[in-house]
Amino acid sequence: MANEVILLDFWPSMFGMRTRIALREKGVEFEYREEDLRNKSPLLLQMNPIHKKIPVLIHNGKPVNESIIQVQYIDEVWSHKNPILPSDPYQRAQARFWADFIDKKLYDAQRKVWATKGEEQEAGKKDFIEILKTLESELGDKPYFGGDDFGYVDIALIGFYTWFPAYEKFANFSIESEVPKLIAWVKKCLQRESVAKSLPDPEKVTEFVSELRKKFVPE
Amino acid sequence: MDEEIENKVILHGSYASPYSKRIELALKLKSIPYQFVQEDLQSKSQTLLRYNPVHKKIPVLVHNGKPISESLFIIEYIDETWRNGPHLLPEDPYRRSKVRFWANYIQLHLYDVVIKVVKSEGEEQERALTEVKEKLRVIEKEGLKEIFSDTDGEPTVTNETMSLVDIVMCTLLSPYKAHEEVLGLKIIDPEIVPGVYGWINAINETRVVKDLSLPYEQVLEILRVFRQMSLSRS
């Protein structure tokens, strides 16, 4: 049976971006299907009945859900090239820790930055900057989070970059001035083909977030 | 006396913490000798803060001086480092993804709500209990067949087959009888979620869980005190 890989996704999703990058890192041919989240496809509902969310990775008809689980799955199935997680168990535990940190902390904080205003937004912005600074400190002087090679934590984080101009616009601040080393890391990642091909134009994302913001923050 | 550094394993935890208990289960399943350091969660030690500066939480596993945090990742680390003994995650990547998904699901969607049922009363408790029952039905309907795909959804748990997801479920709901007694509520109804009921009972029959369980009266006491403290705070 040929390797049939379908990705149900939504173009501005920073989670979907992770899976796209992982598949491309491994050179896996896949069919990308855009989901309309206001009108979810029967396939999406069937393959992720519990959360009904994207991204959904369907490999030979079998679904894998949750972006961070998908990235690990992809690394384990297509283990012949471009390892995503390091081979050393201690380094792997560190990588998982930091990807989890991003999931636990960054997502909620960034949401406050674009979906709220006033005091709540200010507090969200402070948290968000704090979290980025923690990540920048963890990166240190390494080229990538895992060291010399692009990997798991880089993949977990890079998609958020496409939302940076939106955060800056709606909360009125400059991310580069807060975390210049992190932005340097972003630029390095963007040079990678798998990343460049998987990330949408941040301008388009900003337009999208702009529309979305109207639902949460009536003008 | 020279200290044996080779393969020195120290677990910083707390006897009352289910997260800490997860690591003890994993270490015992793999027959790994370890030293347990009881941490005072009200007054965290400098050691703990040094080992887990980001979250400042237990459990932390220290292996040959190197700290690992977050219970789910500690368990994966244990599984990858000590290759002898039972596997805590399946070898097959698809089945691994299912075990990770459901361990995550229980952690993210069930843990806090169960704790809420213990900590609250009245309408708040009712709402939390409704949510718990809903999530248990999801596990019954969608989870068991994926977790126990090699036995057609029939939960079979032994010392040799206990996995990450069994460990996560165990540390939440193994003491369900004590919960039900303290709260005067039914949480796991064998009529409504017979598979989940069977699963937890199978977990509770394993030797490792029996060995690590606190005496029933002590569990009741811990729950009562926890509930009382939470209610008086609210």
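Residue numbers (our numbering), protein chains in the order written: chain U, 35 to 253; chain P, 43 to 276.
All residues carry an ideal CB built from backbone N, CA and C; glycine is no exception.
Min CB distance residue i to chain U below 8 Å
{"i": "leucine 53 of chain P", "result": "no"}
{"i": "lysine 72 of chain P", "result": "no"}
{"i": "valine 102 of chain P", "result": "no"}
{"i": "asparagine 49 of chain P", "result": "no"}
{"i": "tyrosine 119 of chain P", "result": "yes"}
{"i": "glutamate 112 of chain P", "result": "yes"}
{"i": "lysine 228 of chain P", "result": "no"}
{"i": "phenylalanine 115 of chain P", "result": "yes"}
{"i": "valine 207 of chain P", "result": "no"}
{"i": "glutamate 122 of chain P", "result": "yes"}
{"i": "cysteine 184 of chain P", "result": "The sequence given here places glutamate at residue 184 of chain P; cysteine does not occur at that position. Closer than 8 Å to some Cβ of chain U, the Cβ of glutamate 184 of chain P qualifies, so yes."}
{"i": "glutamine 88 of chain P", "result": "no"}
{"i": "arginine 142 of chain P", "result": "yes"}
{"i": "serine 139 of chain P", "result": "yes"}
{"i": "valine 261 of chain P", "result": "no"}
Option nearest residue i by Cα separation, candidates the options
{"i": "tyrosine 258 of chain U", "options": "U:Glu110, U:Lys74, U:Leu42", "result": "Any answer about residue 258 of chain U is impossible in this case: the structure gives chain U only from 35 up to 253."}
{"i": "serine 205 of chain P", "options": "P:Lys70, P:Glu263, P:Arg275", "result": "P:Lys70"}
{"i": "isoleucine 100 of chain P", "options": "P:Asn106, P:Leu90, P:Gly107", "result": "P:Leu90"}
{"i": "glutamine 260 of chain P", "options": "P:Lys177, P:Ile181, P:Tyr57, P:Pro75", "result": "P:Tyr57"}
{"i": "arginine 249 of chain P", "options": "P:Gly55, P:Ala68, P:Val51, P:Ile181", "result": "P:Ala68"}
{"i": "isoleucine 116 of chain P", "options": "P:His54, P:Val156, P:Gln167, P:Gln80", "result": "P:His54"}
{"i": "arginine 92 of chain P", "options": "P:Glu263, P:Lys108, P:Lys228, P:Gln80", "result": "P:Lys108"}
{"i": "tyrosine 153 of chain P", "options": "P:Leu186, P:Lys72, P:Tyr218, P:Glu122", "result": "P:Tyr218"}
{"i": "valine 187 of chain U", "options": "U:Glu38, U:Thr53, U:Pro46, U:Ala36", "result": "U:Thr53"}
{"i": "serine 211 of chain U", "options": "U:Leu166, U:Phe184, U:Asp183", "result": "U:Leu166"}
{"i": "isoleucine 102 of chain U", "options": "U:Phe135, U:Pro76, U:Ser75, U:Lys96", "result": "U:Phe135"}
{"i": "lysine 140 of chain P", "options": "P:Val155, P:Lys98, P:Asp208", "result": "P:Asp208"}
{"i": "arginine 266 of chain P", "options": "P:Val104, P:Leu114, P:Glu118, P:Lys161", "result": "P:Lys161"}
{"i": "alanine 220 of chain P", "options": "P:Asn201, P:Ile264, P:Phe190, P:Pro197", "result": "P:Ile264"}
{"i": "glycine 237 of chain P", "options": "P:Glu166, P:Val104, P:Thr193", "result": "P:Thr193"}
Minimum Cβ-Cβ distance from residue i to chain P less than 8 Å
{"i": "lysine 176 of chain U", "result": "no"}
{"i": "tyrosine 195 of chain U", "result": "no"}
{"i": "asparagine 37 of chain U", "result": "no"}
{"i": "alanine 190 of chain U", "result": "no"}
{"i": "phenylalanine 49 of chain U", "result": "no"}
{"i": "valine 111 of chain U", "result": "yes"}
{"i": "arginine 126 of chain U", "result": "yes"}
{"i": "phenylalanine 184 of chain U", "result": "no"}
{"i": "proline 236 of chain U", "result": "no"}
{"i": "arginine 130 of chain U", "result": "yes"}
{"i": "phenylalanine 207 of chain U", "result": "no"}
{"i": "proline 83 of chain U", "result": "yes"}
{"i": "lysine 167 of chain U", "result": "no"}
{"i": "valine 98 of chain U", "result": "yes"}
{"i": "tyrosine 141 of chain U", "result": "no"}
Any C-beta of chain C under 8 Å from that of residue i
{"i": "proline 135 of chain P", "result": "The chain inventory of the structure shown lacks chain C, comprising the protein chains U and P."}
Residue i classed as buried or exposed, judged by whether at least 16 other C-beta atoms fall within 10 angstroms
{"i": "alanine 230 of chain U", "result": "exposed"}
{"i": "asparagine 99 of chain U", "result": "buried"}
{"i": "tyrosine 61 of chain P", "result": "buried"}
{"i": "isoleucine 120 of chain P", "result": "buried"}
{"i": "glutamine 84 of chain P", "result": "exposed"}
{"i": "glycine 158 of chain U", "result": "buried"}
{"i": "histidine 114 of chain U", "result": "exposed"}
{"i": "lysine 238 of chain U", "result": "exposed"}
{"i": "glutamate 38 of chain U", "result": "exposed"}
{"i": "asparagine 82 of chain U", "result": "buried"}
{"i": "valine 251 of chain P", "result": "buried"}
{"i": "alanine 127 of chain U", "result": "buried"}
{"i": "threonine 172 of chain P", "result": "exposed"}
{"i": "aspartate 44 of chain P", "result": "Only weak support is given to the placement of aspartate 44 of chain P: the predicted model assigns it a pLDDT of 47, under 50, and the value that follows is read from those uncertain coordinates. By the neighbour-count rule (16 or more Cβ atoms within 10 Å), aspartate 44 of chain P is not buried but exposed."}
{"i": "glutamine 80 of chain P", "result": "exposed"}
CB contact flag (residue i, residue j, <8 Å)
{"i": "tryptophan 148 of chain U", "j": "valine 213 of chain U", "result": "no"}
{"i": "proline 234 of chain U", "j": "phenylalanine 198 of chain U", "result": "no"}
{"i": "methionine 211 of chain P", "j": "isoleucine 245 of chain P", "result": "yes"}
{"i": "valine 111 of chain U", "j": "proline 128 of chain P", "result": "no"}
{"i": "lysine 87 of chain U", "j": "leucine 79 of chain U", "result": "no"}
{"i": "methionine 48 of chain U", "j": "phenylalanine 194 of chain U", "result": "yes"}
{"i": "leucine 273 of chain P", "j": "isoleucine 230 of chain P", "result": "no"}
{"i": "glutamine 104 of chain U", "j": "proline 89 of chain U", "result": "yes"}
{"i": "glycine 180 of chain U", "j": "alanine 129 of chain U", "result": "yes"}
{"i": "leucine 140 of chain U", "j": "leucine 216 of chain U", "result": "no"}
{"i": "alanine 145 of chain P", "j": "leucine 186 of chain P", "result": "no"}
{"i": "tyrosine 76 of chain P", "j": "isoleucine 110 of chain P", "result": "no"}
{"i": "proline 132 of chain P", "j": "arginine 125 of chain P", "result": "no"}
The ligand SAH heavy atom lying under 7 Å from the CB of residue i
{"i": "valine 156 of chain P", "result": "By its list of ligands, the structure shown contains no ligand whatsoever, and the ligand SAH lies outside what it can speak to."}
Beta-carbon separation (whole angstroms), residue i vs residue j, contact threshold 8 Å
{"i": "glutamate 184 of chain P", "j": "valine 235 of chain P", "result": "Contact doesn't hold; Cβ gap of about 12 Å is too wide."}
{"i": "leucine 77 of chain U", "j": "phenylalanine 44 of chain U", "result": "About 14 Å separates the two Cβ atoms, so there is no contact after all."}
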